[in-house]
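S.K.: In my numbering, the protein residues as written are 2 to 346.
Glycine is no exception: its CB is placed at the ideal position from the N, C-alpha and C atoms.
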Ligand code: DOR
Ligand code: ZN
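1. Within 8 Å: the Cβ of residue 124 and any heavy atom of the ligand DOR?
2. Starting from residue 312, follow its DSSP beta bridges and name the residues at the other end.
3. Within 8 Å, do at least three Cβ pairs link the stretch 166–180 to the stretch 132–147?
4. Would you say the beta carbon of residue 337 is closer than 8 Å to some non-hydrogen atom of the ligand DOR?
5. Quick check: the Cα distance between residue 286 and residue 238, rounded to an integer number of angstroms?
6. Can you tell me which residues fall inside 6 Å of the ligand ZN, judged by beta-carbon distance to its nearest heavy atom, and keep chain order?
7. Below 8 Å, how does it come out for the stretch 180–189 and the stretch 229–243: are there three or more Cβ pairs, yes or no?
8. Quick check: is any heavy atom of the ligand DOR less than 8 Å from the C-beta of residue 265?
9. Return the CA-CA distance between residue 324 and residue 109, expressed in angstroms with no decimal places.
10. Counting pairs of Cβ atoms below 8 Å between the stretch 17–34 and the stretch 159–169, do you hit three or more?
11. Can you tell me whether residue 283 is buried or exposed, with buried defined as 16 or more other CB within 10 angstroms of its CB?
12. Rounded to whole angstroms, what's the CA-CA distance from residue 336 to residue 213? Just pull it up for me.
13. If I measure Cβ to Cβ from residue 70 and keep anything under 6 Å in the same chain, skipping five residues before and after, which residues do I get?
14. With residue 76 and residue 99 assumed to form a contact (beta carbons below 8 Å), what rounded beta-carbon distance in angstroms separates them?
15. I'd like the span of the alpha helix (DSSP H) that includes residue 138, first residue to last.
16. Flag this pair as yes or no: are the beta carbons of residue 55 and residue 96 separated by less than 9 Å?
17. May I ask you to verify whether the stretch 76–91 touches the stretch 45–61, counting CB pairs closer than 8 Å and requiring at least 3?
18. Considering residue 171, what are the terminal residues of the beta strand (DSSP E) in which it resides?
19. Rounded to whole angstroms, how far is the Cβ of residue 291 from the Cβ of residue 10, which I believe are closer than 8 Å?
20. Roughly how many angstroms lie between the CA atoms of residue 259 and residue 302, to the nearest whole one?
21. Within its chain, find whatever has a CB closer than 6 Å to the CB of residue 145; leave out the 5 residues flanking it on each side and keep chain order.
22. For residue 345, tell me which candidate among 83, 316, 331 has the shortest Cα-Cα distance.
23. Under a Cβ-count criterion, where at least 16 other Cβ atoms within 10 Å of its own Cβ denotes burial, should residue 152 be classed as buried or exposed?
24. Please identify the residue among 168, 160, 274, 268 whose C-alpha is closest to the C-alpha of residue 217.
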């Protein structure tokens with residue numbers, strides 16, 4: 002019997018971590034196998050807070066990618082003492098695609114992130130004026146809140162204020178992880194969301210068992226309840242223009258994972274598009290995969306839709322447990338498990 006093949010417009014990844022140096026060397030092939038265009042997150046050890054740092058990082062990525070067409074789009078990492086003139090010039094000159102808000106200490110390399118969001122309203126004003134996008138890690142941290150409540154309280158206490166203050170600002174709520182978040186996106190103007198594969202595949206029971214954490218399923222925002230997973234699947238698979246592909250694939254070395262305080266991040270690049278295809282098929286919505294992976298994102302970012310097409314074949318294969326080279330080792334999401342779709346190279 003002939004195997005099923007689908008063809009879609011070449012996807013983009015609107016949220017990925019490529020890191021730098023040796024880790025970039027190790028993971029780059031997975032993005033270049035699928036994407037020509039990615040939003041590459043600026044949370045390096047020295048975060049990308051100036052246009053000079055962004056230029057240097059873009060140069061490193063382009064130089065290393067085995068794909069001449071690869072176009073890394075970098076948002077400026079917002080801090081309370083950003084040089085606003087450099088920021089605005091960077092936006093105007095196309096060095097920054099927009100800006101990324103990491104609330105302080107919410108995730109990997111967010112210690113330079115924002116403590117008092119009111120203080121960066123001048124940067125939001127610049128974004129709004131220049132019709133550029135604000136990308137948000139939407140979590141609020143406080144002693145009274147568990148990690149499962151962080152997204153809801155960020156929306157109620159911060160995002161609602163931002164939206165009211167800047168009604169024309171285009172916002173992407175990154176890696177939406179709750180029904181509350183996806184409902185909020187549907188109910189408000191000028192806001193869209195990226196959805197990761199993991200938030201549509203695992204729940205908090207896959208992360209925490211009694212008091213034991215599975216570090217390889219641990220990311221921020223953490224996976225939530227069944228109800229949230231179902232709602233995110235529904236949003237992604239609906240084809241609604243407010244939702245698009247952002248893997249949040251975030252490589253960490255195995256020694257930083259198998260540790261008393263594992264770093265958050267799930268490395269899904271080796272099979273992320275295949276996982277999305279599987280989810281859309283399970284939801285009987287394969288016909289909407291292309292809108293989610295390749296159309297809704299560029300439309301929201303006012304960028305051209307790719308011309309090239311790629312194919313996926315329905316064929317069983319087993320994902321390798323690890324990505325490793327030169328003594329560096331990263332655990333792959335879905336490592337050792339069977340997948341049903343494969344990108345045709
Ligand atoms: O789990 C995560 N890991 N969430 C983020 O927001 C950042 C990422 C990383 O950089 O490792
Ligand atoms: Zn991320």
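M.R.: Taking the definition as stated:
1. Not under cutoff, so the answer is no.
2. 8, 345
3. yes
4. no
5. 6 Å
6. The set of residues whose C-beta lies within less than 6 Å of a heavy atom of the ligand ZN reads, in chain order, 16, 18, 42, 249, 251.
7. yes
8. yes
9. 20 Å
10. no
11. exposed
12. 20 Å
13. 37
14. 5 Å
15. Element bounds for residue 138: n/a, residue is neither H nor E.
16. yes
17. Under the Cβ criterion (8 Å, minimum of three pairs), the stretch 76–91 counts as touching the stretch 45–61.
18. 171–174
19. Sure, about 6 Å apart at Cβ, within 8 Å.
20. 37 Å
21. none
22. Put simply, of 83, 316, 331 the residue whose alpha carbon is nearest the alpha carbon of residue 345 is 316.
23. buried
24. 268
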